[in-house]
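End of the sequence shown = 499 in our numbering, gap-free, step of one. By construction, the Cβ of each residue, glycine as well, lies at the ideal position given by its N, Cα and C atoms. Remember, predicted model here, so these are calculated numbers, not experimental data.
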Amino acid sequence: MRSTQARQDLGPDGLIGTEAPVDRHLIGGRLVSSHGRDVVDIFNPANGALIGRATLGDEIDTEAAIAAAKAAFPVWSRTTLDERKIWLQRIADALTERLTDLKAITIAEYGAPVTFADYIVDQARDFFVLAQELLKPENFETKRGQSTIQKLPVGVAGLMTPWNGSPWFVCEKAASALAAGCTVVIKPSQLSTLQSKVLMECFEHAGLPPGVINLVNGSGEIVGNTITRSANVRKISFTGSTRVGQMISREAAETMKRVTLELGGKSPTIILDDADMGKAAAFALTVGLMNTGQSCTAGTRILVSEGRLAEAKLALAAGVSKLKLGDPSARDTVIQPMVTPAHYERVQGYIRKGISEGAEVLIGGEGKPAGFEKGNYAKPTVFVGVKNDMTIAREEIFGPVLSVITYRDEEESIAIANDTQYGLQAYVCGEDMERAHRVANRLIAGRVTINEFVDDPAAPFGGFKLSGIGREFGLAGLESYLETRVILDKMGTHRVQSNEE
Ligand code: NDP
């Protein structure tokens, strides 16, 4: 293992500049030139500045990555748990050396506020440490009566991820898959190419056997589809929109791939009528506007009892007016720009739709905040007078747009919360914890948090209904890359073959 990493591509400010285009993919253990020739420009969402240029991979790059992963699978899948721990730690160490670079580029390319960039990048590294804790023999083999139940890596895994916290998603999936004994082909969002460049350099630097970890920058249409259609890929783990998840699911059925789909959300925050409104409004804004609403778990429907609406309006408006919007690299910034101008326009379309369908803007509204015309900043917007059948209450906006919906009683709050096509996350606030838990127990969501935003990277994460299929994180995440084989010792005649492809 080398002791220092090459950083010749970093500009004087620590960022990757246009003079250092991203034109390579990680294939077979090496950073190789792209066969694909399509070039895209990369802009800083906070000020519109051109900050990079990326060459996107094509089918040939992707097939090469899949072939490398397939060739590496027989050896990697047979590594011992202790060996895998060492390799996972090497990746964690390589990431540790580049945390500062990765945070800087996450801020510049995605517009993440520094506090959020700190969180996702540190956690990205930590996933490779956490995964080592799962490498216990009992997670791979157990006895049940006469039978030995074995959990085997399923094969080459295709990992496809969105732009809203790219290092976090890439590393979460890669850590679980590699721990399971799968080899991987990663396709991050093409909006995260500069972040992917740093990740590729870390993965290369970690020096895993060639082909165990591959990454191809490119579009979903070309790179993503090639992975989904390949008969040599046995598993897809996808995080992104429900629309693309449905397409992948249909396509993956052709080759009977295992799929894990982490998709959209329209999460409710129920403010129970015994809640302390000051605390509840602060909580609702924290979970509703985290990542400036560009978050699958954002609590975008705020459910308030009719009797406490006036109080809620005052508290929410006061809370929003205090949120600092602006330069993502300033430590007190909370509200960041939308990732692209197109996404900004999409969010504006929803704000217009809310107004045209009869909802009332409590605070925020259409257009850019004064002084931020160059960036893709949308105003944090809270609608009141929203009915749960309005477009803004049903569709995932993925921006800083919250809907306040009133309910008559606890029963109706639960009914409205569950009246959605999604089921990823839900939030409850109230003073009476027994009651809050009673309500939480009736919500159809993969995760429910009460009164404060807590995360548990070892607890299963995933959704009901259109929010996806399967669970990630912890043991559930590891198992999503494993397939079961049972050895029936006493049956005598049963011959078992290896799962090598
Ligand atoms: P998309 O679904 O548009 O894209 C996600 C990834 O899939 C990207 O890498 C994209 O490539 C790729 N992709 C696009 N088309 C295909 C295809 N035909 N085959 C294979 N891959 C394809 O989502 P966004 O990137 O816009 O992310 C936002 C969405 O992600 C939101 O709906 C959000 O809810 C969801 N999300 C879900 C989370 C969860 O854990 N449940 C967490 C975070 C986000 P490219 O864009 O580069 O062309």
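Contact belief for G109 with P335 at Cβ below 8 Å, rounded distance in angstroms: 4 Å
Spatial neighbours of A456 in its chain, beta-carbon cut-off 7 Å, leaving aside the 5 residues before and after: Short of 7 Å from the beta carbon of A456, and not among the five residues preceding or following it, lie these beta carbons of its own chain, in chain order: L128, F471 and G472.
Just mark F236 as buried or exposed, buried being the case when its beta carbon has 16 or more other beta carbons within 10 Å. buried
Pairs of beta-carbons, one from the segment 90 to 108 and one from the segment 187 to 195, closer than 8 Å: are there three or more? yes
Let me know the secondary structure DSSP gives V484 once reduced to three states. Strand at V484.
First and last residue of the alpha helix (DSSP H) that includes S174? Counting along the chain, S174 sits inside the alpha helix (DSSP H) bounded by residues S164 to A178.
Can you confirm whether the segment 110 to 122 touches the segment 75 to 92 when touching is taken to mean that 3 or more C-beta pairs between the two stretches lie within less than 8 Å? no
Whole-angstrom distance between A474 and I25, CA atom to CA atom: 28 Å
Count the other CB atoms, across all protein chains shown, that sit within 10 Å of the CB of H435; report buried if there are 16 or more and exposed otherwise. exposed
Residues of its chain near L480, where Cβ-Cβ distance is below 6 Å and the 5 sequence neighbours each way are ignored: Counting only Cβ-Cβ distances below 6 Å, and skipping sequence neighbours, we find K149 and A178.
Which residue from G27, D325 and Q121 puts its Cα closest to that of I64? G27
Cβ-heavy atom distance, K255 to the ligand NDP, below 7 Å: no
Just the C-alpha distance for A52 and F462, rounded to the nearest angstrom, thanks. Going by the C-alpha atoms only, they are around 36 Å apart.
Please list the segments of the beta strand (DSSP E) lying wholly inside the segment 397 to 456, counting only runs of 3 or more residues, in order along the chain. 399 to 405, 423 to 427 and 445 to 448
Return the bridge partner residues of M158 from the DSSP annotation. K185 and F236
3-residue-minimum beta strand (DSSP E) runs that sit fully inside the segment 284 to 330, ordered along the chain: 299 to 303
Hey, which unbroken runs of the alpha helix (DSSP H) at 4 residues or more fall wholly within the segment 196 to 269? If only complete runs of 4 or more residues are kept, the segment 196 to 269 shows the alpha helix (DSSP H) at 223 to 227 and 240 to 251, in order along the chain.
What does a CB cutoff of less than 8 Å around K322 pick up in its chain, not counting 5 residues either side in sequence? A328, D330, T331, V332 and I333
Should N416 and L441 be called a contact, given that it needs their Cβ atoms to be closer than 8 Å? yes
CB of F381 within 8 Å of CB of G352, strictly: yes
Within the present structure, is the beta-carbon of N439 separated from the nearest heavy atom of the ligand NDP by less than 7 Å? No, Cβ of N439 sits at least 7 Å from all heavy atoms of the ligand NDP.
Bridge partners of R28, per DSSP? I25
Along the alpha helix (DSSP H) that carries L86, what are the first and last residues, could you check? L79 to E95
Can the beta-carbon of V119 be found less than 8 Å from the beta-carbon of L97? Taking 8 Å as the Cβ cut-off, V119 and L97 qualify as a contacting pair.
Look at I403 and R299 and say whether their C-beta atoms are less than 8 Å apart. yes
For R344, the first and last residue of its enclosing beta strand (DSSP E): Taken as a continuous stretch (DSSP letters only), R344 belongs to no beta strand (DSSP E), being part of the alpha helix (DSSP H) at P339 to S354.
If you compare alpha carbons, which of D124, E202, V242 and P266 is closest to S411? P266
N- and C-terminal bounds of the alpha helix (DSSP H) containing A47: Here A47 belongs to no alpha helix (DSSP H), and DSSP marks it neither H nor E.
Does the beta-carbon of A251 have 16 or more other beta-carbons within 10 angstroms, so that it is buried, or is it exposed? exposed
Top-ranked residue by Cα proximity to N162, from G297, Q419, M288 and G276: Here the closest residue by C-alpha is M288.
Using a 10 Å radius around the Cβ and a threshold of 16 neighbouring Cβ atoms, would you call F586 buried or exposed? A query on residue 586 cannot be resolved here, the shown segment of the chain reaching from -1 to 499 and no further.
CB of M388 to nearest heavy atom of the ligand NDP: below 7 Å? no
Consider the C-beta atom of T113 and the heavy atoms of the ligand NDP; say whether any pair is separated by less than 7 Å. no
Mind checking whether A310 and M254 have CB atoms under 8 Å apart? no
Excluding five sequence neighbours on each side, which residues of the same chain lie with their C-beta closer than 6 Å to the C-beta of I361? A315, V318 and V380
Counting along the chain, where does the alpha helix (DSSP H) carrying Q130 start and finish? V112 to E131
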